[in-house]
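For the sequence shown, this note's numbering assigns the number 1099 to the initial residue and increments by one for each residue that follows.
No residue lacks a Cβ here, since even glycine has one placed at the ideal position from N, Cα and C.
Data first, discussion second: the structure below is written as structure tokens.
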Amino acid sequence: MSDLSLMSDALVAMNEQKVKELVREALDQGVLAREILNKGLVPGMDIVGEKMENGDMFIPEVLMSAKAMSAAVEILKPLLGDEGLTAAGKVVIGTVKGDLHDIGKNLVVLMLESAGFEVYNLGVDVAPEEFARAVQEKGADLLGLSALLTTTMPMMKKTIDAVVESGLRDSVKVIVGGAPVNQKFADEIGADGYASDAGSANKLAKALLQ
Ligand code: B1M
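Given below as structure tokens:
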């Protein structure tokens, strides 16, 4: 059976080739895509985060690990989604202004798309007015906000404020997520929900739009 800790090691070693090789090997051995993600890749990125925090890895190195992670996610992409679900609604999603982290948000996008949502991914560093404009233009049922930095969390509140100001708050549900975010914060800023990971975001989106 595949040892998924080797995948974490390869990610920390910034070895994209090896990561991809191990992902393909695990799939060949019948390991589920979700398990590869949750037990091999995400723990690897957690170690990268710790090393970054301790000054054992620097930004260019973290970027190389992030690139390896994205390449692995590309392989898993077609296998991650729920099958047989019908179009469930329109979603506008992005990482808030000042924040450039997008790996987790892209996983959320992946899950939502494969669950049949029509997803408009605005990318990273998205200003509150940009979100509000997109909600209006796309007629979104759901707005998803991601933040990975404690310093950009307040931007989530500002984004909700912008949606309120544009008179759209009653027509769109807002969900928030990202490592520093929690349910309490979501409640404080007036979001409709919080999800801790991509799978829960998918469930939450479906529940809110039912
Ligand atoms: Co940055 N970074 N980073 N970084 N980075 C963190 C987040 C950090 C925790 C590392 C650390 O110090 N331990 C720390 C934040 C500390 C804090 O504020 N609490 C940090 C810092 C400080 C910084 C810089 C300030 C560093 C610097 O320049 N001195 C800088 C800021 C740049 C900016 O954004 N303005 C910076 C830069 C970067 C890189 C560009 C090098 C790179 C990002 C590359 C990219 O995303 N394309 C990077 C990375 C890779 C990380 C770590 C190592 C990994 C993040 C990741 O991709 N995780 C991260 C440490 C860590 O998280 N362990 C760190 C894997 C991903 C699958 O998980 O993103 O949590 P995550 O997403 C999950 C859930 O959170 C959730 O579902 C996802 C999937 O299950 N989720 C949602 C996410 N969004 C959601 C939205 C939802 C629902 C759920 O609904 C809409």
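| Item | Value |
| --- | --- |
| Please work out which residues of its chain come closer than 6 Å, Cβ to Cβ, to S1264, disregarding the five sequence neighbours upstream and downstream, and give them in chain order. | A1230 |
| Return helix, strand or coil for Y1292, following the three-state DSSP convention. | strand |
| My assumption, with CB atoms under 8 Å, is that M1065 sits in contact with S1168. Please give the rounded CB distance. | The structure shown does not extend to residue 1065, since the chain is modelled only from 1099 through 1308, so no value can be given for it. |
| From V1117 to E1133, what does the alpha carbon distance come to, in whole angstroms? | 15 Å |
| Along the chain, where does the beta strand (DSSP E) containing S1244 start, and where does it finish? | L1240 to S1244 |
| To which residues of the same chain is N1152 closer than 7 Å at the C-beta, ignoring the five residues directly before and after it? | none |
| Buried or exposed: where does L1120 fall if 16 or more other Cβ atoms within 10 Å of its Cβ makes it buried? | buried |
| What are the start and end residues of each continuous alpha helix (DSSP H) run of 4 or more residues lying completely inside the segment 1196-1234, in chain order? | 1201-1212 |
| State buried or exposed for P1066, treating a residue as buried only when at least 16 other CB atoms are found within 10 Å of its CB. | Since the first and last residues shown for the chain are 1099 and 1308, residue 1066 lies out of range. |
| Is E1151 near ligand 1, with its Cβ less than 6 Å from a heavy atom? | yes |
| Below 8 Å on the Cβ atoms is my contact criterion, and I expect A1124 with D1197 to pass it. Report the Cβ-Cβ distance as a whole number of Å. | A1124 to D1197, Cβ: 31 Å. No contact. |
| Considering only the alpha carbon of each residue, which of E1286, N1219 and I1273 lies closest to K1304? | I1273 |
| Between K1203 and ligand 1, is there a pair consisting of the residue's CB and a ligand heavy atom that are separated by less than 6 Å? | yes |
| What first and last residue would you give for the alpha helix (DSSP H) that runs through T1257? | P1252 to E1263 |
| CB-CB under 6 Å to L1177, same chain, minus the five flanking residues each way: which ones, in chain order? | A1131 |
| Ligand 1 heavy atoms versus the CB of P1226: any closer than 6 Å? | no |
| For the beta strand (DSSP E) containing K1271, list its first residue and its last residue. | K1271 to G1275 |
| Do G1237 and V1189 have their CB atoms nearer than 7 Å? | no |
| Identify whether I1191 lies in helix, strand or coil by the three-state DSSP scheme. | strand |
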